[in-house]
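A.B. asks:
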Amino acid sequence: MKVLVVGGGGREHALCWAIARSPRLTKLWCAPGNAGIADSAQCVAINDSDIDGLVKFATDNKVDLVVVGPEAPLVAGLVDALDAAGIKSFGCSKAAAQLEGSKGFMKDMVAKFGVPTAGYGRFTNRDDARAFVEKTGAPIVIKTDGLAAGKGVTICETINDAYQAIDDAMIGGKFGDAGAELVIEEFLRGEEASFFAVCDGKNVIPLIAAQDHKAVGEGDTGPNTGGMGAYSPAPIFTKTVEDRVMRDIIVPTVEGMAAQGHPFSGVLFAGLMIDENEHPKLIEYNIRFGDPECQVLMSRLKSDVLDILDGAATQTLDQVTPEWHDETALVVVMAAKGYPGSYEKGSEIKNVAAANALENVKVLHAGTKMAGDKLTATGGRVLGVTARATSVGEAQKRAYEAVDTIDWQGGFCRRDIGWRAIAREQE
C-alpha cells in the first residue's frame, strides 16, 4: 500500500513510525511532517489545511490510503474531499467531525443518545452564562464550543473564576471565534482516563486506554496544556470499566450517529471521568488519536497498524483483532521553556540519536526542523520521549534516562509522569 499521513506533530510521528513497520507498506509520505518523521516517511511540503493540495497529491501519486492525523482538516472536510476524488481515507466526515469541532453539538448528541455525561448549558450571551454559573455553583467547567488546540477548557474553583473565564473568552477574545459560544458543565469528580475505539461506520472495535497529564506543572498543577506526558495501560481502566464504556458510551454514539445520517469512521477518543464505583462518564469526544496518547498506543501495538486503519476505511473492522504488548509504555513530553505561554523558537537540540539508542526507547518529534545540520525546536511541545518496560516505574525510569541523555538548553519537562500509577504499583 502507498500511504499518506496528514499532519506534522508527535501523533503523526507515532503513526508513521508504526505504519513504517507494516509489511503491507510500499511507500509512505507525510504532509507536512517534521525532522523526526523524515526518518520514517518522505515529507511533503503541503500544509495540513491545504485540502485541495492534499487531494491533488493523493490523486497524482495514486495513494491507496490517506491517514488524517489532526482534528482541523477533519473538521474542514478533508475526508469528504478525498471521498469525492475516490481516495480511501482513515478519518471521519465533516458532519461527524462536529463531535469534536463543536462541544455543544457533541453534548446535544450524546444527551440524545442517553450517554452518561455531565449536566451542561450552551451560551452565546455573557449574562446568560454568568446566570447559569451563579445557579449551578462552583467548582464548574467553562469550555469553548470550537477548537482551541487543547487549551479551551478552564476548571474554575470559584464563581468569580468562572466569571473571569467567561469574560476572557466572550469579551477578551482569548480563544478567537472558538470562544464565541461556551459550553458550561457541572464539575465531575473522579479520575480521568482516555479510551480509544476504531469505527468503520457500522463496526466498532476497542483499542486500549491511557492516562495523560494535561497540567504543565508537577503534581498536575498549573495551566492546562496539550499534554505533558501519558502512559498505558491505565490501572484505573479495568475490564469492568471497559465493558461499561463500550456498552453505555461508545456503541450508543456509533449507532446514534449512524441513525442521524452521519456514520462515524475513524478513531473515537473518549475523555472519561471514572468514579470510585467504576462508573464512567463522558467528558468529551475527540475524533482523532490523542497527542501524547498516540505515542504510547503505537509503542504497545503488536499487530500491523495498517490492518486497523485500512479496516476502518473499507468497513472490514469485524475482521480485525488488535494485539498489544502487555508492558507499560510511558511518554515524557519535552517542551520549550515558557510553554504553554510564549516561548522562543529555534533553540538547538542535541544527542537525540543517543537517546534513541537506549533499549525500548523512541524519541518522537512534535515540533522540530533541521536548520542546516542542526536539529531545532519549532513548537511548544517539541519531543515525546517514549519508553516501554515491564512496569510503570521501570518505564518511567527508562524514559527519564533518555530525557537526561538529550541536551536541550531551551527545553523542560515534568519529572513525575505516571505518578498516580506508580503510587498504585507501590501499594
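Under the working numbering, the first residue of the sequence shown carries the number 313, and numbering increases by one thereafter.
All C-beta atoms in this analysis are idealised placements derived from N, C-alpha and C, irrespective of residue type, glycine included.
(1) How about V378 and A370: do their beta carbons lie closer than 8 Å?
(2) Hey, how far is the Cα of V356 from the Cα of G538?
(3) Which two residues bound the contiguous beta strand (DSSP E) that contains K593?
(4) According to the neighbour-count rule (16 or more other Cβ atoms, all chains shown, within 10 Å of its Cβ), is K415 buried or exposed?
(5) Using CA coordinates, which residue listed in A570, V557 and L459 is at the minimum distance from L594?
(6) For A701, which option in T690, A678, V643 and G684 has the closest C-alpha, if you only look at C-alpha atoms?
(7) Could you work out which residue in T565, G650, P545 and A667 is closest to G705 when comparing CA atoms only?
(8) Between which two residues does the alpha helix (DSSP H) containing G578 stretch?
(9) For R726, tell me which candidate among Y712, E635 and T717 has the shortest Cα-Cα distance.
(10) CA-CA distance, K686 and G658?
(11) Please state whether the Cβ-Cβ distance between A490 and T456 is less than 8 Å.
(12) Does the distance from the CB of L485 to the CB of Q607 come in under 8 Å?
(13) Sort A522, G381, V387 and V528 by Cα distance to G692 and report the nearest one.
(14) Under a Cβ-count criterion, where at least 16 other Cβ atoms within 10 Å of its own Cβ denotes burial, should R333 be classed as buried or exposed?
(15) Does the structure place the segment 608 to 616 close enough to the segment 436 to 445 that three or more beta carbon pairs sit under 8 Å?
(16) Label A396 either buried or exposed according to how many other C-beta atoms from any shown protein chain fall within 10 Å of its C-beta, with 16 as the threshold for buried.
(17) Using a Cβ-Cβ cut-off of 8 Å (strictly less than) and excluding sequence neighbours within five positions of E748, which residues of its own chain qualify?
(18) Beta-carbon separation of L618 and L337 under 8 Å?
(19) Do three or more CB pairs link the segment 557 to 575 to the segment 469 to 477 at distances below 8 Å?
(20) Under a three-way DSSP split, which group does W341 fall into?
(21) Roughly how many angstroms separate the alpha carbons of L580 and A461, rounded to a whole number?
(22) Should S352 go down as buried or exposed, given a rule of 16 or more other Cβ atoms within 10 Å for buried?
(23) For the putative contact between I517 and L629, defined by C-beta atoms under 8 Å, what is the C-beta separation to the nearest angstrom?
(24) Determine the contact status of I496 and I467, defining contact as a CB-CB distance below 8 Å.
(25) If you follow the beta strand (DSSP E) that G705 is part of, which residue opens it and which one closes it?
(26) If contact is defined by three or more beta carbon pairs under 8 Å, each pair taking one atom from either stretch, is the segment 426 to 433 in contact with the segment 388 to 406?
(27) Given a cut-off of 8 Å on the beta-carbon distance, is the pair F417 and F508 in contact?
(28) With DSSP run on the structure shown, which of helix, strand or coil describes R323?
(29) If you run the structure through DSSP and keep just helix, strand and coil, what is M569?
(30) Please tell me whether A326 and M682 are closer than 8 Å, where the distance is taken between their beta carbons.
(31) To test your reading of the DSSP string, which unbroken beta strand (DSSP E) runs of 3 or more residues are found completely within the segment 400 to 470?
(32) Count the other C-beta atoms from every protein chain shown that fall within 10 angstroms of the C-beta of I483, then say buried if there are 16 or more, exposed otherwise.
(33) To the nearest angstrom, report how far apart E504 and A733 are at their CA atoms.
(34) Since I believe D603 is in contact with G322 (beta carbons under 8 Å), could you give me their beta-carbon distance rounded to a whole number of angstroms?
(35) What are the residues that DSSP puts in a beta bridge with G541?
(36) According to DSSP, is N472 part of a helix, a strand, or is it coil?
C.D. replies: Put simply:
(1) yes
(2) 25 Å
(3) P592 to N598
(4) buried
(5) Taking L594 as reference, the option from A570, V557 and L459 with the minimal CA-CA separation is V557.
(6) V643
(7) P545
(8) Careful: G578 lies outside any alpha helix (DSSP H), inside the beta strand (DSSP E) at S577 to I586.
(9) Y712
(10) 10 Å
(11) yes
(12) At residue 485 the sequence reads Gly, which differs from the Leu that was named. It is not a contact, given that the beta carbons lie outside the stated cut-off.
(13) V528
(14) exposed
(15) no
(16) Result: exposed.
(17) The structure shown does not extend to residue 748, since the chain spans only 313 to 739, so no value can be given for it.
(18) The answer is yes: Cβ separation under 8 Å.
(19) no
(20) strand
(21) 17 Å
(22) Buried, since its Cβ has 16 or more Cβ neighbours within 10 Å.
(23) 5 Å
(24) no
(25) It is not in any beta strand (DSSP E) - G705 instead sits in the alpha helix (DSSP H) that spans V704 to T717.
(26) Flag = no, the segment 388 to 406 and the segment 426 to 433 do not touch.
(27) no
(28) helix
(29) helix
(30) no
(31) 432 to 435, 452 to 456 and 465 to 468
(32) Exposed is the label assigned to I483, since fewer than 16 other Cβ atoms lie within 10 Å of its Cβ.
(33) Answer to the nearest angstrom: the Cα atoms are 12 Å apart.
(34) 5 Å
(35) V644
(36) helix
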